[in-house]
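Here the structure comes first, spelled out in structure tokens, and everything after it is commentary.
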Ligand SMILES: NC(=O)c1ccc[n+]([C@@H]2O[C@H](COP(=O)([O-])OP(=O)(O)OC[C@H]3O[C@@H](n4cnc5c(N)ncnc54)[C@H](OP(=O)(O)O)[C@@H]3O)[C@@H](O)[C@H]2O)c1
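Numbering (the numbering used here), first residue to last: 1 to 198.
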């Protein structure tokens with residue numbers, strides 16, 4: 001398969017690229033890293049990416065920013081970052097990618113455990129992850145020739161240095177386990193699934 005990985009240079013993306021590159025042709029993209037540069041929050045940038053990459057068998061996204069902070073300090077502008085970047089950034093990949101993904105191909109998006117299991121300072125992330133999971137379930141019943149799933153991991157072991165204080169009591173998961181969930185989505189046959197890695 002020819003697989004586009006957006007965010008391939010990130011903590012999750014690197015593990016997904018390592019897992020899938022053993023068996024498939026990988027095309028990498030990132031904000032400033034990768035073979036192709038893209039800002040997923042910008043629909044034109046996403047369309048340009050697909051025009052450059054052309055036909056694909058799978059699109060994987062391991063990119064998306066959200067703001068964390070106490071709810072009392074959150075503003076509409078700070079919520080808007082997650083909405084435009086992590087949520088619509090990935091919706092933009094699906095909307096623009098539909099005509100470039102071969103029949104039988106797939107989209108795999110990244111959500112996160114905060115959709116189900118909120119933490120302090122994570123209201124925006126919970127909202128965006130929940131919306132992504134709902135989008136995947138809904139899009140799956142209208143995408144007839146293509147599949148769509150999401151991977152929803154707990155906090156990563158590799159990220160505990162940065163996020164550990166916010167996730168006390170959560171059992172961290174390895175990037176390698178998260179990569180296996182992406183593999184199930186890309187190399188399996190299911191659609192409309194949320195693969196939880198906890
Ligand atoms: N890490 C965790 O514990 C964890 C747990 C659950 C869910 N998640 C979710 O997983 C996703 C990836 O997390 P991560 O920790 O792997 O992030 P990361 O290490 O910061 O890597 C993010 C990757 O995405 C790219 N990227 C970021 N914003 C982009 C944009 N607007 N357009 C295109 N590419 C963009 C970056 O490109 P450059 O390298 O060029 O900057 C980088 O390659 C996030 O949405 C996060 O919420 C993470």
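Virtual Cβ for every residue (Gly too), placed ideally from N, Cα, C. All of these numbers come straight from a predicted model, not from anything done at the bench.
- The beta carbon of residue 86 sits closer than 6 angstroms to at least one heavy atom of ligand 1.
- Not one heavy atom of ligand 1 sits closer than 6 angstroms to the Cβ of residue 149.
- With respect to residue 109, residue 90 sits close: the two C-beta atoms are nearer than 7 angstroms.
- When secondary structure is reduced to three states using DSSP, residue 25 falls in the strand class.
- Exclusion of the five residues before and after residue 177 leaves 197 as the residues of its chain whose Cβ lies within less than 6 angstroms of its Cβ.
- Counting only residues of its own chain and dropping the five nearest sequence neighbours on each side, residue 124 has a CB closer than 6 angstroms to the CB of 66, 67, 79, 82.
- For residue 95, the enclosing alpha helix (DSSP H) starts and ends at 88 to 97.
- A distance below 7 angstroms between beta-carbons, with the five flanking residues on each side excluded, links residue 135 to the following residues of its chain, in chain order: 91.
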